[in-house]
Every structure is written in C-alpha cells, then in structure tokens.
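Accompanying notes for the structure given below.
Chains as they are written, first to last, in my numbering: chain A, 296 to 438; chain B, 11 to 87.
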C-alpha cells in the first residue's frame with residue numbers, strides 16, 4: 296500500500312496529504328457557513344435555506360471521500376506513530392463521527408436529525424484539530 | 011425541513027452522490043498535479059535515503075546525549 300501511495304503521489308505523499316487536509320479544512324469552514332444559513336441562523340438574501348442545505352450535503356459527501364483518501368495515505372505511509380497521538384486519535388474519531396452523521400442524513404428510518412448540528416460542530420472541531428496537528432505543523436515548521 | 015431537523019427531499023440522491031465522489035477524485039488528481047509541478051517527482055530511493063539520514067541523525071543525537079550524561083555522572087562521582 297505504501298508503495299502504491301508513493302507511486303501515486305510521485306513520492307510527495309506528505310505534501311499531497313497536507314494539501315488535501317488543507318482543502319478539507321477550507322471546505323469544513325464553508326460547510327459551517329452553509330449549515331448556519333441552512334438552519335436559519337444566518338440570513339443571506341441570495342441563498343435560500345434548502346439550497347444551502349443541499350449544497351452542504353453535496354460538499355459533505357465530497358469531504359467524506361477526501362477524508363478517507365487522506366486517512367488512507369496517512370496510515371499507509373506513516374502508520375500509528377508514537378508522537379502523533381493527538382492527530383491519530385482526532386483523525387480516527389472524526390472519521391467515525393463523519394460516517395455516523397452521513398448515516399443519519401441518508402437514513403429515512405432514523406429519526407434523530409436533531410443530533411446533526413452538534414455532530415456537525417464536533418466534526419468541524421475534530422477536523423481542525425487533525426489539520427492543526429499535521430498540516431499546521433508541516434506548514435509552520437516544514438517537513 | 012422534517013420534525014427532527016433533517017431536510018425533506020424525496021428525490022433520488024444517487025446523481026448527487028456520484029457527482030460528489032467525482033469532485034473528490036478531481037480534487038485529489040488536481041492536488042497531485044499541483045504538488046508534482048511544484049516539487050517534482052521524488053523517487054522512492056531518495057525518500058528512503060532521506061529517512062535513513064534522519065534516523066542516523068537521531069541515533070547520533072541520542073548517542074551524544076548518552077555520552078554527555080555519562081560524563082556528568084562520572085564527574086559527580
């Protein structure tokens with residue numbers, strides 16, 4: 296797997312991972328804004344609530360795929376390193392919460408949609424912690 | 011919006027899901043293209059050599075630390 300990731304990224308796995316994590320972080324901020332508009336907490340004249348929620352859902356699916364690709368790259372190249380404790384734990388939890396949140400959004404039988412806002416905020420915070428403890432370090436201190 | 015806060019939408023979601031996945035694949039491909047254009051291709055052998063150099067540096071630093079500690083202990087005796 297490590298060989299495959301290194302071939303795919305032309306040997307720049309760390310740099311690609313940092314870029315993808317930064318794209319996810321930027322999209323997560325945008326998602327927070329869309330959710331605030333969708334739930335009527337913020338009103339913008341040119342963006343209706345249902346449109347904002349549909350965009351939130353579509354971008355959420357993209358983030359889910361990007362998060363799993365980035366996590367796969369991270370695990371295959373670096374594994375669970377001793378000094379990456381916070382990053383590994385936050386990364387693992389965010390993937391789990393993200394899957395649960397997507398499951399609730401997609402499920403017609405589960406009537407626990409009121410859990411979506413707190414789960415969304417948890418996902419956002421965990422994404423930021425995961426980003427700051429890897430990409431943030433990389434961008435500030437270098438590889 | 012439904013009673014429990016979810017968005018009511020009875021349309022099929024598959025086109026949206028497939029579209030989202032394609033966008034994610036495009037983002038990964040563009041990211042790899044940009045990073046490769048910026049940093050070039052780093053052969054696996056070079057990465058391994060870099061890792062080996064780093065490990066060697068860490069080992070040397072450990073050895074120096076141990077030696078310094080030993081000297082301090084001897085001096086204290």
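For each residue, glycine too, the CB sits at the ideal point set by N, CA and C. Given the structure is predicted, the values throughout are model-derived calculations rather than measurements.
Asked: Residue nearest to residue 383/A in terms of C-alpha spacing, selected from 331/A, 430/A, 303/A; Found: 430/A
Asked: Range covered by the alpha helix (DSSP H) that runs through residue 403/A; Found: Run containing residue 403/A: none; DSSP gives neither H nor E here.
Asked: Closer than 8 angstroms to chain A by CB, residue 22/B; Found: no
Asked: Cβ contact check for the region 348 to 357 of chain A and the region 66 to 79 of chain B: 3 or more pairs under 8 angstroms; Found: no
Asked: 8 angstroms Cβ cut-off: residues of chain B touching residue 357/A; Found: 30, 31, 33, 34, 37
Asked: Proximal chain B residues relative to residue 364/A, where beta-carbon distance stays under 8 angstroms; Found: 34, 38
Asked: Unbroken alpha helix (DSSP H) run spanning residue 424/A, endpoints; Found: 411 to 426
Asked: Among 421/A, 330/A, 334/A, 316/A, nearest to residue 360/A - alpha-carbon criterion; Found: 316/A
Asked: Contact check, residue 364/A vs residue 38/B, beta carbons under 8 angstroms; Found: yes
Asked: Residue 35/B to residue 301/A span [Cα, whole Å]; Found: 17 angstroms
Asked: With 16 other Cβ atoms within 10 Å as the buried cut-off, status of residue 426/A; Found: buried
Asked: Chain B residues whose Cβ lies nearer than 8 angstroms to that of residue 296/A; Found: Going along chain B, no residue has its Cβ under 8 angstroms from residue 296/A, so there is no contact; the nearest lies around 14 angstroms.
Asked: Nearest to residue 418/A (by Cα), restricted to the options 311/A, 389/A, 305/A, 333/A; Found: 389/A
Asked: First through last residue of the alpha helix (DSSP H) which encompasses residue 314/A; Found: 308 to 333
Asked: Burial state of residue 381/A, where buried means 16 or more other Cβ atoms lie within 10 Å; Found: exposed
Asked: Option in 413/A, 422/A, 433/A with minimal Cα separation from residue 323/A; Found: 422/A
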